[in-house]
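Numbering-wise, my numbering puts 124 at position 120 of the sequence shown, and it's gapless, one number per residue.
Where a beta carbon is used, it is the ideal one built from N, C-alpha and C, also for glycine.
These numbers were taken from a predicted model, which means no experiment stands behind them.
Structure first, then comments.
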Amino acid sequence: MAKSTITYVCTECGGESLRWAGQCPHCHAWNTLQEFQVKKAKREANTRPLEPARALPLNEIAPEDAPRQRLEWGELNRVLGGGIVPGSLVLIGGEPGVGKSTLLMHAAGQVARSGKVLYVSGEESGQQVRMRAERLDSLHPGILLLPENDLDAICEAIRGESPALAIVDSIQTVSDAGFEGSAGSVTQVRESAARLMRLAKEIGVPIFLVGHVTKDGSIAGPRVLEHIVDTVLYLEGDRRQELRILRVTKNRFGSAEEIGVFAMGEAGLEEVADPSAAILATAAPVSPGTVIVAVLEGTRPLLVEVQSLVNKNENAMVRRIANGVDVNRLHMILAVLEKRLHGFKFGNSDVFVSVAGGIRITEPAADLGLALSIVSNVVNRPMPDGLIVIGELGLTGEVRRVGQLERRLHEAARHGLTRALIPAGARAGRPSGLDVIEVRTVAEAVSAAFPSPIKSGAFIEEAGISVS
Ligand code: TYD
Ligand code: MG
């Protein structure tokens, strides 16, 4: 008998604890700790490799045995680091209904033109999968469907078919009869993924796993698998909107900062080669509180619209709601505005900010834009037409330089924007057609964005940091 020890794993964040508790000590979620059996397998005689491993000089190791399989979609190749790596295990996480199965069926259709694809579906029947494939124009004889939940059967099929790509949709429906617990438990999800990983490496077949992000603590989310797999991709986006972002959070074979952009439509997903244009097309007409910023996603600058709404609220607890922006960043920006601009007090106001198109801003280069959108909404004046705002905000109200400014400016010019507020002293080429204004502080930026006197009084001090 194999010996086993027990630890507790959080189904939300994957953190481990030795003791059970009502609240996860790592991510502070409640009721998410699940028992996890660590089996100590007896070393069996036949598992020992015949030849012991030998250390080799690094330069004698072959660079990459097999070339990557490139898909038709450049957006998918980009997030994978240049295509599918043989023998890799890729996790695709996302909320139910966001489009993971759709994305993978498109990928299956593209791979099937040159090789066999094994699609293991534990959630949907063969008819359902076929109907989807038909709708996506991905119905191809090279795609084999296996409706199965048992890990042994799945591994056997992958080994037997040796496909160019295997897809397991989803890992939470797979269970290994050798372990306790039902499908979806931390033990099952982890052990199944670990076995699929070994199989992928052994026979060189790439395997894609679907992992649902759930709010329900009874099913282990994709985060408990992140350290097992080679690559982690998350499909994000509002189900009611078109845009879907495929974000890399880990990649042993490429950059972990890239995103791929897709749009969901009648015939499934389409890749969006020019996301800035798609985002700007859905942007609201210029109005008080909207600003266009340029954020860098991996190697690509993206033009994104941020919106703010500041509303007096004398009665209840004030709210700070941030969609697509870190709420702590919002708190910092509000504090800087209060300190550096006269007459700005947010103590009795609700503040809402949101990023259009379901994009999540993760870099501080959007700070200044966010600050100006808040000011614009408070003073009820729109920003000048065709303006892009770029800059990080420091705690003293100084506008700090950001990386890759030139690429951001070029992206703005390419999409017909005419003016840019940027950090002072940045050495970057100026694309033609863009009127560039350098600012040192948030107060300067406000004076530059709203040049004539503002009706509620001269509460903006002259350029430069003023000590109020
Ligand atoms: P699905 O891929 O089943 O999501 P997941 O596997 O992540 O749970 O996608 C489901 C949603 O996508 C569903 O709400 C309908 C929508 N959809 C379209 O809008 N067009 C399409 O062609 C398809 C196949 C799905
Ligand atoms: Mg699905």
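* Note down the Cα distance separating Ile223 from Cys17, rounded to an integer number of angstroms. => Here residue 223 refers to the residue found at position 219 when the sequence shown is read from its first residue. Here residue 17 refers to the residue found at position 13 when the sequence shown is read from its first residue. Cα to Cα, the separation comes out at about 12 Å.
* Asked: Do Leu338 and Phe350 have their CB atoms nearer than 7 Å?
  -> Taking the sequence shown and counting its residues from 1, the one referred to as residue 338 is at position 334. Taking the sequence shown and counting its residues from 1, the one referred to as residue 350 is at position 346. Their beta carbons are under 7 Å apart, which means Leu338 touches Phe350 by this criterion.
* To do: Could you tell me which of Val359, Ser118, Ser174 sits nearest to Thr106, measuring between CA atoms?
  => Locating residue 106 in the sequence shown gives position 102, where the first residue counts as 1. Answer by Cα proximity: Ser174.
* Asked: Taking three-plus beta-carbon pairs below 8 Å as touching, is the stretch 273-292 in contact with the stretch 73-84?
  -> yes
* Asked: Considering only C-alpha positions, which residue in the set Gly241, Asn319, Val299 is nearest to Val406?
  -> Within the sequence shown, the letter at position 402 stands for residue 406. Considering only alpha carbons, the answer is Val299.
* Per-residue burial, His216 [other beta carbons within 10 Å of its own, 16 or more giving buried] -> Walking along the sequence shown from the start, residue 216 turns up at place 212. With 16 or more other Cβ atoms within 10 Å, it is buried.
* Among Val393, Gln132, Arg251, the one whose alpha carbon lies nearest that of Ala428 -> In the sequence shown, residue 428 corresponds to position 424, counting from 1. Minimum Cα distance to Ala428 is reached at Val393.
* **Spatially closest choice to His110 from Arg333, Val124, Asp141, Leu284, by CA coordinates** => For the purposes of this step, residue 110 is taken as residue 106 along the sequence shown, with counting starting at 1. Considering only alpha carbons, the answer is Asp141.
* Backbone secondary structure at Asn50 - three-state DSSP -> Position 46 of the sequence shown, counted from the start, is the residue given in the question as residue 50. Only weak support exists for where Asn50 lies, its pLDDT of 49 falling under 50; the value from the coordinates is given anyway. DSSP places Asn50 in helix when its eight states are reduced to three.
* To which residues of the same chain is Glu402 closer than 7 Å at the C-beta, ignoring the five residues directly before and after it? -> Within the sequence shown, numbered from 1, the residue matching residue 402 stands at position 398. The residues are Arg444, Thr445.
* Val102: CB within 6 Å of a non-hydrogen atom of ligand 1 -> In the sequence shown, the residue the question calls residue 102 occupies position 98. Flag set: Cβ of Val102 near ligand 1.
* Cβ-based burial, Glu318 [other Cβ within 10 Å; buried from 16] -> Translated into the one-based positions of the sequence shown, residue 318 becomes position 314. Exposed, by the Cβ-count rule.
* To do: Can you grab the Cα-Cα spacing for the pair Glu178 / Thr235, in whole Å?
  => Along the sequence shown, one-based indexing puts residue 178 at 174. Along the sequence shown, one-based indexing puts residue 235 at 231. Correcting the residue type first, residue 178 is Val in the shown sequence and not Glu. Taken atom to atom, the span from the alpha-carbon of Val178 to that of Thr235 is near 20 Å.
* To do: Return the residue from the list Ile211, Leu237, Val310, Ala285 that minimises the CA-CA distance to His419.
  => Taking the sequence shown and counting its residues from 1, the one referred to as residue 419 is at position 415. Looking at the Cα atoms, Ala285 is the closest of the given residues.
* Return yes when the C-beta of Ser92 is under 6 Å from any heavy atom of ligand 1, and no when it is not. => The residue given as residue 92 occupies position 88 in the sequence shown. No - ligand 1 has no heavy atom lying nearer than 6 Å to the Cβ of Ser92.
* Buried or exposed: Ser196, going by 16 or more other Cβ atoms within 10 Å of its Cβ? -> Taking the sequence shown and counting its residues from 1, one reaches residue 196 at position 192. Buried.
* To do: Using three-state DSSP, classify Asn315 as helix, strand or coil.
  => The count along the sequence shown starts at 1 and reaches residue 315 at position 311. Here Asn315 sits in strand by DSSP.
* Alpha carbon to alpha carbon, what distance is there between Tyr238 and Leu247? -> Residue numbering aside, residue 247 sits at position 243 when the sequence shown is read from its first letter. Residue numbering aside, residue 238 sits at position 234 when the sequence shown is read from its first letter. Distance between the alpha carbons of Leu247 and Tyr238: 14 Å.
* Can you list, in chain order, the residues of its chain whose CB lies under 7 Å from that of Val190, leaving out five sequence neighbours each side? -> Within the sequence shown, residue 190 is the residue found at index 186, counting from 1. Hits under 7 Å: Val13, Thr15, Gln38, Phe40, Ala224, Val228.
* Asked: Given a threshold of 16 other Cβ atoms within 10 Å of its Cβ, counted over all protein chains shown, does Ile162 qualify as buried or as exposed?
  -> By 1-based counting over the sequence shown, the position of residue 162 is 158. In this structure Ile162 is buried. Its beta-carbon is surrounded by 16 or more other beta-carbon atoms within 10 angstroms.
* Compare the beta carbon distance of Gly126 and Ala204 with 7 Å and say whether it is the shorter of the two. => Looking up residue 126 in the sequence shown gives position 122. Looking up residue 204 in the sequence shown gives position 200. Contact: no.
* Asked: Of the residues Lys343, Arg364, Leu307, which one's Cα is nearest the Cα of Val331?
  -> Reading the sequence shown from its first residue, position 327 is the one you call residue 331. Val331 has its Cα closest to that of Arg364, out of Lys343, Arg364, Leu307.
* To do: In the DSSP assignment, find the unbroken alpha helix (DSSP H) run with Ala112 in it and report its ends.
  => In the sequence shown, residue 112 corresponds to position 108, counting from 1. From DSSP, the alpha helix (DSSP H) with Ala112 extends over 104-116.
* So what's Gly264 in DSSP terms, helix, strand or just coil? -> Along the sequence shown, one-based indexing puts residue 264 at 260. Strand, per DSSP.
* Note down, in chain order, each residue of its chain lying with its Cβ closer than 7 Å to the Cβ of Val329, except the 5 sequence neighbours on either side. => Within the sequence shown, the letter at position 325 stands for residue 329. Spatial neighbours of Val329 in its own chain (CB-CB distance under 7 Å, excluding positions within 5 residues in sequence) are listed in chain order as Val357, Val359, Ile365, Leu374.
* Measuring CA to CA, which of Leu306, Leu334, Leu307 is closest to Leu313? -> The count along the sequence shown starts at 1 and reaches residue 313 at position 309. If we check each option's Cα against that of Leu313, Leu334 comes out closest.
* **Whole-Å CB distance - Glu309 paired with Ile283, under 8 Å assumed** => As a position in the sequence shown, residue 309 is number 305, starting the count at 1. As a position in the sequence shown, residue 283 is number 279, starting the count at 1. About 7 Å separates the two Cβ atoms, so the contact holds.
* To do: Since I believe Leu169 is in contact with Pro210 (beta carbons under 8 Å), could you give me their beta-carbon distance rounded to a whole number of angstroms?
  => If you number the sequence shown from 1, residue 210 lands on position 206. If you number the sequence shown from 1, residue 169 lands on position 165. At roughly 6 Å, the Cβ-Cβ gap stays under 8 Å, so Pro210 and Leu169 are in contact.
* To which residues does DSSP link Ala298 through a beta bridge? -> Taking the first residue of the sequence shown as 1, we reach residue 298 at position 294. Under the DSSP definition of a beta bridge, Ala298 partners with Leu307.
* For Thr11, does the three-state DSSP call read helix, strand or coil? -> Looking up residue 11 in the sequence shown gives position 7. Three-state result, Thr11: strand.
* Using DSSP with H/G/I as helix, E/B as strand and the rest coil, what is Pro292? -> Translated into the one-based positions of the sequence shown, residue 292 becomes position 288. Residue state, collapsed to three classes: coil.
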